[in-house]
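Below is one structure, written out as C-alpha cells, with a few remarks after it.
2 protein chains.
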Amino acid sequence: MALLADLPRNEDGIATALDVLRQNLGAARVETGQALREQHGHTTTWLRNQPPDAVIFPTSTEDVQEIVRTCAAYRVPIIPFGTGTSLEGHVNAPAGGICLDMSRMDRILAVHPEDMDVVLQPGVTRKALNTHLRDTGLFFPVDPGADASLGGMAATSASGTNAVRYGTMKDNVLALRAVLPSGEVVKTAARARKTSAGYDLTRLIVGSEGTLGIITEMTLRLQGIPEAVSAATCSFPSVKAACDAVIATIQYGLPVARIELLDALTVKGVNAYSKLSLPETPLLLLEFHGTEGGVAEQAEVFGEIAGEAGGTGFAFTTREEERNRLWQARHDAYWASLGLRPGAKGISTDVCVPVSRLADCVAAAQEKAAEMGFVAPVVGHVGDGNFHVLLLIDVDEPTEIAAAEAYIGWLNDLAISMDGTCTGEHGIGQGKAAYLEAELGPGAIAMMGAIKRAVDPLNILNPGKMRLPD
Amino acid sequence: MALLADLPRNEDGIATALDVLRQNLGAARVETGQALREQHGHTTTWLRNQPPDAVIFPTSTEDVQEIVRTCAAYRVPIIPFGTGTSLEGHVNAPAGGICLDMSRMDRILAVHPEDMDVVLQPGVTRKALNTHLRDTGLFFPVDPGADASLGGMAATSASGTNAVRYGTMKDNVLALRAVLPSGEVVKTAARARKTSAGYDLTRLIVGSEGTLGIITEMTLRLQGIPEAVSAATCSFPSVKAACDAVIATIQYGLPVARIELLDALTVKGVNAYSKLSLPETPLLLLEFHGTEGGVAEQAEVFGEIAGEAGGTGFAFTTREEERNRLWQARHDAYWASLGLRPGAKGISTDVCVPVSRLADCVAAAQEKAAEMGFVAPVVGHVGDGNFHVLLLIDVDEPTEIAAAEAYIGWLNDLAISMDGTCTGEHGIGQGKAAYLEAELGPGAIAMMGAIKRAVDPLNILNPGKMRLPD
Numbered sequence: 001m002a003l004l005a006d007l008p009r010n011e012d013g014i015a016t017a018l019d020v021l022r023q024n025l026g027a028a029r030v031e032t033g034q035a036l037r038e039q040h041g042h043t044t045t046w047l048r049n050q051p052p053d054a055v056i057f058p059t060s061t062e063d064v065q066e067i068v069r070t071c072a073a074y075r076v077p078i079i080p081f082g083t084g085t086s087l088e089g090h091v092n093a094p095a096g097g098i099c100l101d102m103s104r105m106d107r108i109l110a111v112h113p114e115d116m117d118v119v120l121q122p123g124v125t126r127k128a129l130n131t132h133l134r135d136t137g138l139f140f141p142v143d144p145g146a147d148a149s150l151g152g153m154a155a156t157s158a159s160g161t162n163a164v165r166y167g168t169m170k171d172n173v174l175a176l177r178a179v180l181p182s183g184e185v186v187k188t189a190a191r192a193r194k195t196s197a198g199y200d201l202t203r204l205i206v207g208s209e210g211t212l213g214i215i216t217e218m219t220l221r222l223q224g225i226p227e228a229v230s231a232a233t234c235s236f237p238s239v240k241a242a243c244d245a246v247i248a249t250i251q252y253g254l255p256v257a258r259i260e261l262l263d264a265l266t267v268k269g270v271n272a273y274s275k276l277s278l279p280e281t282p283l284l285l286l287e288f289h290g291t292e293g294g295v296a297e298q299a300e301v302f303g304e305i306a307g308e309a310g311g312t313g314f315a316f317t318t319r320e321e322e323r324n325r326l327w328q329a330r331h332d333a334y335w336a337s338l339g340l341r342p343g344a345k346g347i348s349t350d351v352c353v354p355v356s357r358l359a360d361c362v363a364a365a366q367e368k369a370a371e372m373g374f375v376a377p378v379v380g381h382v383g384d385g386n387f388h389v390l391l392l393i394d395v396d397e398p399t400e401i402a403a404a405e406a407y408i409g410w411l412n413d414l415a416i417s418m419d420g421t422c423t424g425e426h427g428i429g430q431g432k433a434a435y436l437e438a439e440l441g442p443g444a445i446a447m448m449g450a451i452k453r454a455v456d457p458l459n460i461l462n463p464g465k466m467r468l469p470d
Numbered sequence: 001m002a003l004l005a006d007l008p009r010n011e012d013g014i015a016t017a018l019d020v021l022r023q024n025l026g027a028a029r030v031e032t033g034q035a036l037r038e039q040h041g042h043t044t045t046w047l048r049n050q051p052p053d054a055v056i057f058p059t060s061t062e063d064v065q066e067i068v069r070t071c072a073a074y075r076v077p078i079i080p081f082g083t084g085t086s087l088e089g090h091v092n093a094p095a096g097g098i099c100l101d102m103s104r105m106d107r108i109l110a111v112h113p114e115d116m117d118v119v120l121q122p123g124v125t126r127k128a129l130n131t132h133l134r135d136t137g138l139f140f141p142v143d144p145g146a147d148a149s150l151g152g153m154a155a156t157s158a159s160g161t162n163a164v165r166y167g168t169m170k171d172n173v174l175a176l177r178a179v180l181p182s183g184e185v186v187k188t189a190a191r192a193r194k195t196s197a198g199y200d201l202t203r204l205i206v207g208s209e210g211t212l213g214i215i216t217e218m219t220l221r222l223q224g225i226p227e228a229v230s231a232a233t234c235s236f237p238s239v240k241a242a243c244d245a246v247i248a249t250i251q252y253g254l255p256v257a258r259i260e261l262l263d264a265l266t267v268k269g270v271n272a273y274s275k276l277s278l279p280e281t282p283l284l285l286l287e288f289h290g291t292e293g294g295v296a297e298q299a300e301v302f303g304e305i306a307g308e309a310g311g312t313g314f315a316f317t318t319r320e321e322e323r324n325r326l327w328q329a330r331h332d333a334y335w336a337s338l339g340l341r342p343g344a345k346g347i348s349t350d351v352c353v354p355v356s357r358l359a360d361c362v363a364a365a366q367e368k369a370a371e372m373g374f375v376a377p378v379v380g381h382v383g384d385g386n387f388h389v390l391l392l393i394d395v396d397e398p399t400e401i402a403a404a405e406a407y408i409g410w411l412n413d414l415a416i417s418m419d420g421t422c423t424g425e426h427g428i429g430q431g432k433a434a435y436l437e438a439e440l441g442p443g444a445i446a447m448m449g450a451i452k453r454a455v456d457p458l459n460i461l462n463p464g465k466m467r468l469p470d
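Chains as they are written, first to last, in UniProt numbering: chain C, 1 to 470; chain A, 1 to 470.
The following block contains the structure:
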C-alpha cells in the first residue's frame, strides 16, 4: 500500500498552531481525543486510517478564516470534513494536521422558491435539506448513497442515481463561497442561473476535494417535485442486452430520471436478502418524472424498447406503494450484496465509460473478478455509463487487500483504455491518485499542479490528495 | 473610452516573432494585409477596432504549438479567433500580436451516435455541425444568435434560446484539448459523460476567453431531435405579468425548451417590419420538445398558467409551418428592432438576474432608457433571467457612445445589486472588464489572477481581456 505512506510531518508547526488555536478559540474547541481523531480519518474502503492531530468544529466563516490563517502561519495541514462518507481516503491526514469538521455550519440561510434555489452552509446534509424543503414543492436531486453533507458532496463532485436526468454537483451548484489558503473569502458567482463572468471558479472548487478552498456557503439549484412518478423494471438475458436497451431508451429521448442496472449476482443477493423471486439475470430499474399522462406513456415506451432488446418480465406502475415494491431490489442492493459473503466488507470501484463501451466493460469486469476468485456484484448508474463493482473481501487478510488493489487498478486501466475515467463520482483522493495521469496525461497534471501551487503555495489544504506535482 | 486604451507593445518581439514564423511556416501564411487585420479585430459593439499585427490560419495542433512557442519565446500576444461574432471586444488586439484564425481547423473527427457525442475541431460552426448531424437524429442545442464557431462559443461560454432546457456551453462540452502558453497540449477529460477525476479543467477553459489556452479539439454532448415540437405564444399586459407566467411555468415543472420575451417596443418593431398585427404589449414565445402527446399537453398547461397571469391571445400549435408563423416575431426581432431607428447600430447589453428580480430589472431598464432618450427594445431568454436591451445609437456620434456606455454601466450595476451578473452569455472581454470585481469581489479577482499567472506567466494569451490583476 505504497499510496498510503505517511507524508513528512511538520511537528513543531503543528504543536505551535495547536497552542495558538487553543489560545484564540478556547482550549476545549481544539479536540484531540484519539477516538474522535480516528473517526475523522474515517475511510470506508481499503485505505488505512491516518488520523489528524486535532479536530475543530467551526461555527462561522470567521472561525474558518482564523484557523486557516493560523495553519498558514505555521504550515500545518487542514483537512475539511463533511460526514466522512467519501470512499477514496479524502479525509485521511497523511501529514497530520487539523481536521475542520463542518457539521456545525448547518444552517439553511434562504430558500428562494421563485428562483428555485437555496443558500446554505456546507454542513447541511442532503436529507436534511430535502426535509426542510418538503412544504415548498421543491427538492434537491443529487443523491449519493450516503446522507452526505452538501459541502462534502460539492468538494468531491458527487452524484448518484438521479444524475442521468438532473446532473451531478457540477450542474447543481450555482455559486459558492470558500475560504482560500490565504484566509481570504472568494465568492465564485452571483445567484443568477447563467453567467459568463470570468473563470468558472464554482466548478473549479466543486470537485477540488478540499485542496483549493474550504467551502463555507453554497447556492444550489432546486427542482420541482414532479407531479407524477412512474417506475419500471425489466429483466434481460445479458448485460449486453440491458445496455442495448439503455442506449435505445436514451437515444429515443425518453427523459429517464433514473436508470439503474443490477447484475445477476446482485439480483441473487437481493432474492436471498429480501425473499424475492426475481429471475437471476441482469435487471434494469427505471423511474420517470413528469405529468400523470407523460410518465405512464414513457414507462410503456420503455417496455417496448426493452422487449425489442430481449427484455422479459417488464412491469411498471405509477402508484407509490407499488413503485417502492418494484424498486425494492435497488434499495436493498447494498446490504443484500454484503449478504453474499457474510462478514466481508464491500470495497467499491467506480469507473465510468462511454455508454457504447459499457456492456464490454461490465462483462470484462465480471470475468476478471470471477477469474481472481472475488464475490463481486455489480450495480450501475447505466444512463451515464457509470458502474460499481463491489468487491467483498476480508479486510484483515492482506492478500485479499492486495488482490482488491490489483483488481481496482486493472479496472481503472481498462476504463481509461475505453476513453473512460477511473472515477465517475467518488473522486481521486488517495485511492485513485496513481491513475489520474494515466487518464489525462502529463499536460493536465501539470496544469492542475500549477493551479494548486498558485492558490495554495504552502500546500496546506488537504495535502496528499490527488498527488499533484509540487 | 478609457477601457480601450492601447496596451504597451513589444515592437521588437513582434517583429522578430513574425520573421521567425515566416521562416518556419512560409511567408505567405503570415498575413498582414490591413483589411484582413482589421476584420480580425472585429467588434460588433461600441468598442473601437484594435487590429492584430498579423493573422495566421493554423491547420493543425502542431501549427498552433509552433506559433505559441514562438510567441512565448519573444513575448508576443496571441489572440484566438473563431468567427469574430463575440460582442465584448474579445478579439481586439490592444497590445498588438498575432491573431490565430481557427476557421481552417474545421473537421468533424468522430460522431458517436450511441454515446450521443461528437469530437471535432474548434473551427466547425454550430450550423455546420447540425447540418452534418442531420441524418443521425441528433443535434447540438446551444444556439447563440450568430453562426459562431464552436471553439469560440466554448471560449466565451455562449448560450442562447435553448439554454433553459439544454444548458449552456458549460453543460455541453464534455472534454477538450487545448494548447497551453507553454506549447504543451492539455487533455481535460475522458469521453465518459460523468467524471470526478481531478480539477474540472474543461469548465475552467470554457469561458476563459482565450486567456488560458487555445482550444484545438472538443467533445460535445448531443441531444436527440425531439419526436415532436409545439410552439405557443401569449400576450401580457405588463412585463411583470409575463414574468409571473414564466416563474409559474418553471415552478410547475413544464419542460420548456425555449421561453422568450419580447417587450412592447420590440413587438411594435416586429409589426412594422413583418406586417403583423400583434397587440403591442409584452409577448412570450415558448417551445416544447417531446412526444406528440406530451408537447400538446404542455402547451395547453402553459395556456392555463398564462391565463391566470393575465395573458391574452394564447395560441399554440404542433405543426411546423404554423410554428414558424407563431415564432416569426422572435426570428425577426433583431432586424425589426433596427428598423425602429433606421441607420442606427444596435448595441446589446447582457445582464442576468434571479428570475424573481427579472420584472423589476426589465422595468427599471426600460424606464432608464426612456429617461435617457434611447430607442431601446428588449428581448429576453427569460427562463434563465437573462435579457438584452438593444440600444439603437448613431455610433459616429460620440455623445451617443458615451451615453450608451453610461447606460450599460448603470444596468450592470443594477443587475449586480440584484445578485445578478453583468453578463449572462456574452462574456467579459474588454467591455465588461470594469464590472467583474464589482460583481464578485476582490477574492475572486485575486484567484482568477493567480490562475492566469500560473498558467500564462508571460501573459501572452489574449492580454487585456477580463483585466485580471498582474
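Ideal placement from N, C-alpha and C gives every residue a C-beta, glycine not left out.
Helix, strand or coil at A:Gln430 according to DSSP, with G and I counted as helix:
Here residue 430 of chain A is taken as the residue at index 430 of the second sequence, counted from 1. Residue state, collapsed to three classes: coil.
Please classify A:Asp143: is it buried, with 16 or more other beta-carbons within 10 angstroms of its beta-carbon, or exposed?
Counted from its first residue, the second sequence places residue 143 of chain A at position 143. Buried, since its Cβ has 16 or more Cβ neighbours within 10 Å.
Look up C:Glu297 in the DSSP assignment and say whether it is helix, strand or coil.
Here residue 297 of chain C refers to the residue found at position 297 of the first sequence. Three-state DSSP puts C:Glu297 in a helix.
Leaving out five residues on either side along the sequence, give the residues of the same chain with a beta carbon under 8 Å from the beta carbon of A:Arg75.
Taking the second sequence and counting its residues from 1, one reaches residue 75 of chain A at position 75. Closer than 8 Å at the Cβ level, and outside the excluded window around A:Arg75, lie Asn10, Gly13, Leu458, Ile460.
Going by the CB atoms, is the gap between C:Thr83 and C:Ala146 shorter than 8 Å?
Within the first sequence, the letter at position 146 stands for residue 146 of chain C. Within the first sequence, the letter at position 83 stands for residue 83 of chain C. Yes.
If you drop the 5 nearest sequence neighbours on each side, which residues of the same chain put their C-beta closer than 6 Å to that of C:Met1?
Stepping through the first sequence from its first residue, residue 1 of chain C is reached at position 1. At C:Met1, the pLDDT of 42 sits below 50, so the modelled position is not reliable and the matter cannot be decided from this model.
What three-state label does DSSP hand C:Pro80 in the structure shown?
Position 80 of the first sequence, counted from the start, is the residue given in the question as residue 80 of chain C. In the displayed model, C:Pro80 falls within a strand according to three-state DSSP.
Status (buried if at least 16 other CB within 10 Å, exposed otherwise) for A:Trp335
As a first step, residue 335 of chain A must be located in the second sequence, where it is residue number 335. Exposed.
Would you mind stating whether C:Asp200 and A:Gly207 have Cβ atoms separated by less than 8 Å?
Here the question's residue 200 of chain C lines up with position 200 in the first sequence. Here the question's residue 207 of chain A lines up with position 207 in the second sequence. In contact: C:Asp200 and A:Gly207 (Cβ atoms closer than 8 Å).
Selection from A:Val20, A:Gln430, A:Gly443, A:Asp332 that minimises the alpha carbon distance to A:Ala95:
Counting from one through the second sequence, the residue named residue 95 of chain A turns up at place 95. Of the residues A:Val20, A:Gln430, A:Gly443, A:Asp332, the one whose Cα lies closest to the Cα of A:Ala95 is A:Gln430.
Would you mind listing the alpha helix (DSSP H) stretches within the segment 393-432 of chain A that are 4+ residues and don't spill past its ends, in chain order?
With a minimum length of 4 residues, the unbroken runs of alpha helix (DSSP H) contained wholly in the segment 393-432 of chain A fall at 398-417.
Assigned exposure category for A:Asp115 - 16 Cβ within 10 Å defines buried:
Position 115 of the second sequence, counting from 1, holds the residue named residue 115 of chain A. In this structure A:Asp115 is buried. Its beta-carbon is surrounded by 16 or more other beta-carbon atoms within 10 angstroms.
Give the DSSP-derived three-state secondary structure of A:Ala2 in the structure shown.
Counting from 1 along the second sequence, the entry for residue 2 of chain A is found at position 2. Any reading at A:Ala2 is ruled out, since the residue's pLDDT is 38, under 50, leaving its predicted position unreliable.
If you follow the beta strand (DSSP E) that C:Asp12 is in, where does it begin and where does it stop?
As a first step, residue 12 of chain C is located in the first sequence; it is residue number 12 there, counting from the start. Looking at the DSSP string, C:Asp12 is not in any beta strand (DSSP E); the run it does join, the alpha helix (DSSP H), is 11-25.
Please list, in chain order, the chain A residues whose beta carbon lies closer than 9 Å to that of C:Ala146.
Stepping through the first sequence from its first residue, residue 146 of chain C is reached at position 146. Residues of chain A with a Cβ closer than 9 Å to the Cβ of C:Ala146 do not exist, since the nearest Cβ in that chain sits about 15 Å away.
Determine the chain A residues that contact C:Tyr252 at a beta-carbon separation under 9 Å, and present them in chain order.
By one-based count along the first sequence, residue 252 of chain C stands at place 252. Ordered by position in chain A, the residues that pass the 9 Å Cβ test against C:Tyr252 are Gly224, Glu227.
Is there a Cβ of chain C sitting closer than 8 Å to that of A:Pro141, yes or no?
On the second sequence, position 141 is the one that residue 141 of chain A refers to. No, A:Pro141 lies away from the interface with chain C (no Cβ there is under 8 Å from its Cβ).
For the ligand MN, is there any heavy atom lying closer than 7 Å to the beta carbon of C:Gly207?
Looking at this structure, you won't find the ligand MN or any other ligand, since it has none at all.
One question on the structure: do A:Thr43 and C:Thr195 come within less than 8 Å of each other, judged by their Cβ atoms?
On the second sequence, position 43 is the one that residue 43 of chain A refers to. On the first sequence, position 195 is the one that residue 195 of chain C refers to. It is not a contact, given that the beta carbons lie outside the stated cut-off.
Residue ranges of each alpha helix (DSSP H) within the segment 307-364 of chain C, 4 or longer
For the segment 307-364 of chain C, the full-length alpha helix (DSSP H) segments reaching 4 residues or more read 320-326, 328-331, 333-338 along the chain.
Using the beta-carbon of each residue, which ones in chain A are nearer than 8 Å to C:Glu297?
For the purposes of this step, residue 297 of chain C is taken as residue 297 along the first sequence, with counting starting at 1. Residues of chain A with a Cβ closer than 8 Å to the Cβ of C:Glu297 are, in chain order, Thr291, Gly293, Gly294.
Taking 8 Å as the threshold (C-beta atoms), are A:Ala175 and A:Thr216 in contact?
The sequence position of residue 216 of chain A within the second sequence is 216, counting from 1. The sequence position of residue 175 of chain A within the second sequence is 175, counting from 1. In this structure, A:Ala175 does not lie closer than 8 Å to A:Thr216 by Cβ.
CB contact below 8 Å: A:Glu184 versus chain C
As a first step, residue 184 of chain A must be located in the second sequence, where it is residue number 184. Chain C contact via Cβ: present.
State the beta-bridge partners of A:Val379 as determined by DSSP.
On the second sequence, residue 379 of chain A is found 379 positions in, with the first residue counted as 1. According to DSSP, A:Val379 bridges with A:Leu262, A:His388.
Does the distance from the CB of A:Leu440 to the CB of C:Ala197 come in under 8 Å?
Numbered from its first residue, the second sequence carries residue 440 of chain A at position 440. Numbered from its first residue, the first sequence carries residue 197 of chain C at position 197. Yes. Within cutoff.
Kindly confirm or deny that the segment 323-338 of chain A and the segment 363-370 of chain A touch, where touching means at least three C-beta pairs closer than 8 Å.
Inter-segment contact for the segment 323-338 of chain A and the segment 363-370 of chain A is absent: fewer than three beta-carbon pairs are separated by less than 8 Å.
Would you mind stating whether C:Ala241 and C:Gly310 have Cβ atoms separated by less than 8 Å?
The residue you call residue 241 of chain C lines up with position 241 of the first sequence. The residue you call residue 310 of chain C lines up with position 310 of the first sequence. Yes. Within cutoff.
According to DSSP, simplified to helix, strand and coil, what is C:Ala454?
Numbered from 1 along the first sequence, position 454 holds the residue referred to as residue 454 of chain C. In the structure shown, C:Ala454 sits in a helix (DSSP, three-state: H, G or I).
Given 8 Å, three or more beta-carbon pairs between the segment 388-399 of chain A and the segment 369-377 of chain A:
Result yes; three or more Cβ-Cβ pairs closer than 8 Å.
Please report the straight-line C-alpha distance between C:Ile445 and A:Val119, rounded to a whole angstrom.
Here the question's residue 445 of chain C lines up with position 445 in the first sequence. Here the question's residue 119 of chain A lines up with position 119 in the second sequence. Their backbone Cα atoms lie some 22 Å apart in a straight line.
Entirely enclosed beta strand (DSSP E) segments - the segment 39-111 of chain A, minimum 3 residues:
Within the segment 39-111 of chain A, the complete beta strand (DSSP E) runs of at least 3 residues are 54-56, 78-81, 98-101.
In chain D, which residues lie with their C-beta within 7 Å of the C-beta of A:Asp171?
In the structure shown, chain D does not exist; the protein chains are C and A.
In chain order, what residues of the segment 91-102 of chain A put their CB closer than 9 Å to some CB of chain C?
Under the 9 Å Cβ criterion, the segment 91-102 of chain A contributes no residue.
What did DSSP end up calling C:Ile225 once you bin it into helix, strand or coil?
Within the first sequence, residue 225 of chain C is the residue found at index 225, counting from 1. Reduced to three states, the DSSP call for C:Ile225 is coil.
Does the beta-carbon of C:Thr399 have 16 or more other beta-carbons within 10 angstroms, so that it is buried, or is it exposed?
For the purposes of this step, residue 399 of chain C is taken as the residue at position 399 of the first sequence. Per the 10 Å Cβ criterion, exposed.
Along chain A, in chain order, which residues have C-beta atoms closer than 7 Å to that of C:Val355?
On the first sequence, position 355 is the one that residue 355 of chain C refers to. Going along chain A in sequence order, the residues near C:Val355 (Cβ under 7 Å) are Glu114, Asp115.
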